[in-house]
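Report on the following structure.
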Amino acid sequence: MNTYDYVIVGAGSAGCVLAARLSEDPGVRVALVEAGGPDTAQEIHIPAAFPQLFKSALDWDLDTDPEPGIDGRRAYLPRGKVFGGSSSINAMIYIRGSRADYDGWAAAGATGWSYDEVLPYFKRAEDNERGADGFHGAGGPLTVSDGRSGHPLASAFVRAAEQAGHKTNDDFNGETQFGVGRYQLTQRGGLRCSAAVAYLHPALARPNLTVLPESPARRVVIEDGRATGVEVERDGAVEVIRAEREVVLSAGAYESPKLLMLSGIGPAATLSAFGIDVVRDLPVGQGLQDHFMTLLNFRTDAESLIGAASPANAALLQSEGRGPLTSNIGEAGGFFRSRPELVAPDVQFHAAPVLFHQEGLGAATEHGFAFGPCVVAPTSRGSVTLRSPRPDAAPRIVHNYLTTAEDRDSIVAGIRIALDIAAQPAVADLATQPFDVPASDSDAELLAWARRTGQTLFHPTSTCAIGTVVDPELRVYDVAGLRVVDASVFPSVPRGNTNAPTIMAAEKAADLIKGGSR
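Numbered according to my numbering, the sequence shown spans residues 233 to 750.
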């Protein structure tokens, strides 16, 4: 059978949620189409091992075109090509964003997406080990826990930030984001709790859910203005998986717009140039946002994570679910404002008890640690466009990192905060010498260093945004039976790591698709 009620493209964070929630109704037939395969690799489930997945067969291994704001460099963009998507290869940090993000969306026309309206969906998804309260849920599919590594080098960052005058915050998803502390993580018993683990695995036994792995989507089939199926490549042949109710694209902020454009939905001039018949002229792929990060790296004589993969630590992980192998690398961090008049953060920090350089691809062969800022509320916008009408061609991606004065000011201010923290005794006493830090504290050098060394924080959004490509119910404008449900629909990138907001959006979308709140 190749006809279903719903066909979902992408078994990533959003797709896993939708597959699980829609298939709760035994009378509904659901197909989940995924380009990758099952999440069986041990490096997925051992938290500290996730960098080993970069540029592997489980990574889409994308790159940008030359980025004008960072000296024409091409930025490496890892994305999960496996059940769980990027939630199977990420750093597992559970951050929702600021109230200001969602209230800003709603004020700009995203009806139903204010903070108070999305909070119930965050809580419904969550099983926080601290228990339920006004901000948190318990009993949901997604386990959220305190980190079990507690690495001393990450603790040193927090102490140094306190010494620099910054307040601590034990819940970045509570009343305020501001302050420093340790992140809560999507882990269960010290192991990764991806969207696949939380949502998809428990649903796989349902007879009304069909998962089609190793089946990359080629385009959405649109007949008389309605999406009626998805063309996929499966077992060496091309076939159409038909949808009687809806097609839902959950392929992510790079692949969802690419699929729409290959299907004739996008900027008319671009599509015509590639010989693609225009179904709907919409600004698909425009408005791309991401978080741009820099990390100061220091050498140390203290023990870092480079020796984490020992037999003793492996046994500790297996028997007790704790120890260095439970580290998510970015164990600690915080949120700051570069100017006192800001009501929400514009800078976020991550701190790692190991060297993290060369976009996460540089080998850590000596003890060290890293911490630094990202521009968490960027004003720069980029685009995703087609490179070729071939479905197997990677899209052209340009983020335009640091191309606005506001973003440049934020990253320079963030590096200054980092340098101040680095000068405090808790860090200064541990750092033996710099590994990769700015040569001076002049504005020009800080900006030049950021352009030379900065990287993505892996949070692309907004390429099929509410208000431009989809309506507030995530339906593609003027195409019946077609929705987009993933981070591409965010009107702007939230202030923080984007996995939790993506899961929230899919929880909300499941209700929208079903026709109302439960």
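Cβ atoms here follow ideal geometry from the backbone N, Cα and C, with glycine treated the same way.
Open item on the list: Please list the terminal residues of the continuous alpha helix (DSSP H) segment that includes ILE276.
Closed with: 274–277
Open item on the list: For the structure I just gave you, are there three or more beta carbon pairs, one from the stretch 591–608 and one from the stretch 618–625, closer than 8 Å?
Closed with: no
Open item on the list: Does GLN185 pass the burial test, meaning 16 or more other C-beta atoms within 10 Å, or should it be called exposed?
Closed with: In the structure displayed, the chain extends from 233 to 750; residue 185 sits before or after that span and is not available.
- [ ] Measure from the alpha carbon of ASN322 to the alpha carbon of each residue in HIS383, CYS248 and THR418, then state which is nearest.
- [x] THR418
- [ ] Just the C-alpha distance for THR532 and THR664, rounded to the nearest angstrom, thanks.
- [x] 5 Å
TODO: Could you name the residues that DSSP lists as bridge partners for PHE530?
DONE: PHE601 and PRO666
Open item on the list: I believe ALA500 touches VAL265 by the beta-carbon criterion, under 8 Å. Please report the beta-carbon distance rounded to the nearest angstrom.
Closed with: Contact flag wrong, Cβ pair sits at about 27 Å.
Open item on the list: Alpha carbons only, please: which of TYR353, GLY372, GLY413 and ARG715 is nearest the one belonging to GLY837?
Closed with: For the chain, the structure presents residues 233 to 750; residue 837 sits outside this window and is missing.
TODO: Determine, using beta carbons only, whether SER377 and ASP271 come nearer to each other than 8 Å.
DONE: no
- [ ] Return the chain-ordered list of same chain residues with a C-beta closer than 8 Å to the C-beta of ALA313, the five sequence neighbours on each side being excluded.
- [x] According to the sequence as given, residue 313 is Lys; it is not Ala. Result list for LYS313: ALA267, GLY268, ALA289, LEU290, ASP291 and TRP292, in chain order.
Open item on the list: As a quick exercise: from GLU476, ARG305, LEU574 and VAL241, pick the residue whose alpha carbon is nearest that of PHE410.
Closed with: LEU574
- [ ] Flag this pair as yes or no: are the beta carbons of PHE354 and ALA741 separated by less than 8 Å?
- [x] no
Open item on the list: So, at 6 Å on beta carbons, what are the nonlocal neighbours of ASP297 in its own chain, with the 5 sequence-adjacent residues on each side left out?
Closed with: ARG628 and VAL630
TODO: Could you please give me the residues that DSSP links to MET525 through a beta bridge?
DONE: CYS606 and GLN687
Task: DSSP three-state assignment for ASN545, whether helix, strand or coil - done: helix
TODO: Could you work out which residue in ARG684, VAL480 and SER672 is closest to VAL721 when comparing CA atoms only?
DONE: VAL480
Task: Separation of ARG458 from ASP402, as counted between CA atoms - done: 48 Å
Task: Beta-carbon contacts of VAL228 that lie in its chain and below 8 Å, excluding the five residues immediately before and after - done: With the chain running from 233 to 750 in the structure shown, residue 228 is simply not present.
TODO: Count the other C-beta atoms from every protein chain shown that fall within 10 angstroms of the C-beta of THR343, then say buried if there are 16 or more, exposed otherwise.
DONE: exposed
Task: Residues near PHE282 in its chain [Cβ-Cβ closer than 6 Å; skip 5 each side] - done: ILE321
Task: Under the three-state DSSP convention, the category ASP513 falls into - done: strand
- [ ] Have a look at GLY498, LEU706 and SER551 and flag the residue whose alpha-carbon is nearest the alpha-carbon of GLY341.
- [x] LEU706
Open item on the list: According to DSSP, simplified to helix, strand and coil, what is GLN416?
Closed with: strand
TODO: Check ASN360 in the structure and name its three-state DSSP category.
DONE: strand
TODO: Classify VAL717 as helix, strand or coil using the three-state DSSP reduction.
DONE: coil
- [ ] Return yes when the Cβ of THR460 is within less than 8 Å of the Cβ of VAL453, no when it is not.
- [x] yes
- [ ] Could you say if the stretch 322–337 and the stretch 558–578 meet the contact criterion of at least three C-beta pairs nearer than 8 Å?
- [x] yes
- [ ] Would you list the residues sitting across from ASP295 in a DSSP beta bridge?
- [x] TYR308
Task: Identity of the residues DSSP links to GLY411 by a beta bridge - done: PHE567
TODO: Compare the Cα-Cα distances from ASN529 to each of ARG569, PRO543, SER536 and LEU587 and report the closest residue.
DONE: LEU587
Open item on the list: What residue range does the beta strand (DSSP E) around GLU455 cover?
Closed with: 449–455
Task: Complete runs of the beta strand (DSSP E) confined to the stretch 323–380 [at least 3 residues] - done: 358–360 and 374–378
Open item on the list: With three or more C-beta pairs closer than 8 Å as the rule, is the stretch 383–396 touching the stretch 563–570?
Closed with: yes
Open item on the list: Below 8 Å, how does it come out for the stretch 510–526 and the stretch 722–729: are there three or more Cβ pairs, yes or no?
Closed with: yes
TODO: For ASP237, I'd like the list of residues in its chain whose CB is within less than 6 Å of its CB, leaving aside the five on either flank, ordered along the chain.
DONE: VAL260, ARG261, GLU476 and ARG477
Task: Outcome for PRO556 when other beta-carbon atoms lying within 10 angstroms are tallied against a minimum of 16 - done: buried
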